[in-house]
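A quick write-up on the structure given underneath.
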Amino acid sequence: VLNVGPALRTVLTSGTFWIVAVAHTGSSMVKVSEHVLGTYFRDTSFGTLSSTRAGGLVVFLCFGTVLGLGIAGSIFSRRNARQRKHMVVKLYMASIGAAYTL
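In the numbering used here, the protein residues as written are 4 to 105.
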């Protein structure tokens with residue numbers, strides 16, 4: 004029988020593990036929000052947006068996310084570790100602010 008304590012400690016102290024875990028959590032939240040946002044946009048527009056337009060907004064939101072990741076990813080790759088951490092914190096704060104604004 005092997006002792007899993009040291010292996011578990013190694014995994015939980017790995018920076019790569021936490022980056023992948025946070026990225027996976029973020030992508031799951033985006034997928035769920037895509038399903039909810041179309042209805043949310045339609046219902047909160049009080050009849051201004053049709054179902055088709057609300058769906059279109061969600062598609063553009065997804066497109067904007069991918070485009071933003073591409074642009075931010077290229078900027079991210081040119082920075083050192085401290086600047087990268089600062090950039091991630093700023094982007095998360097912007098995302099949280101946008102979510103509360105909705």
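We treat Cβ as the ideally placed atom computed from N, Cα and C, and that holds for glycine.
- For residue 85, the enclosing alpha helix (DSSP H) has its first and last residue at 84-104.
- Below 8 Å, enough C-beta pairs join the region 33-47 and the region 55-62 to call them touching: three or more.
- Taking the CA atoms as reference points, residue 99 sits about 11 Å from residue 92.
- For residue 19 and residue 13, the gap between their C-alpha atoms comes out near 11 Å.
- Going by DSSP, residue 76 is part of the alpha helix (DSSP H) stretching over 54-80.
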